[in-house]
Amino acid sequence: MAGIVEGKVAIVTGAGMGLGRASALAFAREGAKVVVADVDARNGEETVRLIKRAGGEALFIRTDVSRESDVEAMVAKTVATYGRLDCAHNNVGIEELPHPFTDGEEALWERLVGVNLKGIWLCMKHELKYMESHGGGAIVNTSSIAGLIGAPGQAIYTACKWGVNGLTKSAAKDYGAKGIRVNSVCPAGMKGTGFYNRMLAAQPGMAEAVVQMVPLGRDADPKEVAEVVVFLCSDRASYVTGVNLPVDGGFTVA
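For the sequence shown, this note's numbering begins at 1230 and goes up steadily by one.
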C-alpha cells in the first residue's frame, strides 16, 4: 500500500534530532523523498543514514534558518535535486530556560526571535515562493502550547510561538486560494528530546508537575507528533488549513 505522501518531496528543518528526526523518518516511511536540514551536520547525516537504512531516500543540507541565504539555498537545492517541493515541516527551535521577566536580556531576545520566529518566517517565505509558482503544497510549522497559553518564566519563547501561530494563520489566508495549506502543531513536553530534557534539568520536580496536568497522564513521544505533521501535509488533510493544533495529551483543555 502506498504511503500517504507517496511521491512527494518534503523539507524538514531541525531534522537532526527530536521531533525533526521523527518527522523526517515518518515522511520517508510514508513515501516522501526527504531533505534533512539542520545546522548540526553530524546529527543531520545520521538522520539521513537512518532513512536510507529503512529503504527511504534523503539528502542532508546544512542550514542555519536564521540566515536568509542559507534558507534560499536549501529550497533551491531541494528543487535542483528532486525537481519539486510539496511539503515542509518548519521545526527549528531553541529553548528559553525559565527566568524572571525583568531578567531578560536583549541578546537573548535577538537569539530566540532570530531562530524561533524569524527562522520560521524565512522558511515560509521561500517555500511559499516556490509552491505558489508550482501549483501548491502544504506547510506545517512547529509551535508549542506556549503559543496558545502563557508559559511562566519564558516570555520571549512564548512571544515567538504566538508569532509562529500568527504567521501560520496569515499565510493560510493569503495562500489558500493558491493551493497551499499552512498549519501549525502545538506540542507539550516530548520525552527524550534535548530541548525538553534541558528544561526539566533546570527545574527539579517539573517533570512530575507537568505530567499531572496532562489528562493522558504522560509526555508525548516525538513520533506521535510527527504522525500529525505528516497527516497535515498529506491529501488526507486536504480541507485543513490555518489551524494551530494542540498535540498535547489534553494539556490545554479548558
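Even glycine gets a Cβ: it sits at the ideal position worked out from N, Cα and C.
Ignoring anything shorter than 3 residues, give me the beta strand (DSSP E) runs that lie fully in the segment 1245-1294, in order along the chain. As summarised for the segment 1245-1294, the continuous beta strand (DSSP E) elements at least 3 residues long and confined to that stretch are 1262-1267, 1287-1291, given in chain order.
- Query: Do three or more CB pairs link the segment 1381-1395 to the segment 1340-1357 at distances below 8 Å?
  - Reply: Segments in contact, yes.
Is there contact here, the segment 1409-1420 with the segment 1450-1460, by at least three beta-carbon pairs under 8 Å? Yes, the segment 1409-1420 is in contact with the segment 1450-1460.
Who are the Cβ neighbours of G1409 in its own chain at under 6 Å, not counting the five residues just before and after it? To locate residue 1409, count along the sequence shown from 1; it is residue 180. What sits at residue 1409 in the sequence shown is Ile, not Gly. When the five nearest sequence neighbours on each side are left out, the beta carbons in the same chain lying within less than 6 Å of the beta carbon of I1409 are those of M1360, G1365, G1366, in order along the chain.
* To do: Establish whether the CB of A1388 and some CB of chain D are separated by less than 9 Å.
  => Absent from the structure is chain D; it holds one protein chain and no more.
For this session: Since I believe I1233 is in contact with E1259 (beta carbons under 8 Å), could you give me their beta-carbon distance rounded to a whole number of angstroms?
Result: Locating residue 1259 in the sequence shown gives position 30, where the first residue counts as 1. Locating residue 1233 in the sequence shown gives position 4, where the first residue counts as 1. Going by Cβ atoms, the distance from E1259 to I1233 rounds to 5 Å, so yes, they are a contact pair.
Boundaries of the alpha helix (DSSP H) in which R1340 is found, first to last residue = Looking up residue 1340 in the sequence shown gives position 111. Taken as a continuous stretch (DSSP letters only), the alpha helix (DSSP H) holding R1340 covers 1335-1341.
**Asked** Buried or exposed: V1458, going by 16 or more other Cβ atoms within 10 Å of its Cβ?
**Response** Against the sequence shown, residue 1458 aligns to sequence position 229. V1458 sits buried, since 16 or more C-beta atoms from the chains shown fall within 10 Å of its C-beta.
Option in G1247, V1238, P1329 with minimal Cα separation from V1308: Here residue 1308 is taken as the residue at index 79 of the sequence shown, counted from 1. Of the candidates G1247, V1238, P1329, the residue whose Cα lies closest to the Cα of V1308 is V1238.
Within this structure, are the beta carbons of G1249 and D1267 separated by less than 9 Å?
-> Your numbering for residue 1249 matches position 20 in the sequence shown. Your numbering for residue 1267 matches position 38 in the sequence shown. Here G1249 is near D1267, since their CB atoms are less than 9 Å apart.
Since A1302 is in the beta strand (DSSP E), which residue starts that stretch and which ends it?
-> Your numbering for residue 1302 matches position 73 in the sequence shown. Per DSSP, A1302 is not a residue of any beta strand (DSSP E); the alpha helix (DSSP H) it occupies stretches across 1297-1311.
Sequence-distant residues of its chain with Cβ nearer than 8 Å to A1190 (five each side left out): With the chain running from 1230 to 1483 in the structure shown, residue 1190 is simply not present.
Which residues does DSSP pair with T1242 in a beta bridge?
Position 13 of the sequence shown, counted from the start, is the residue given in the question as residue 1242. Note: T1242 sits in a beta bridge opposite A1266.
**Q.** Through-space distance from R1447 to C1352, alpha-carbon basis
**A.** Your numbering for residue 1352 matches position 123 in the sequence shown. Your numbering for residue 1447 matches position 218 in the sequence shown. Within the model, the alpha-carbon separation for C1352 versus R1447 is close to 32 Å.
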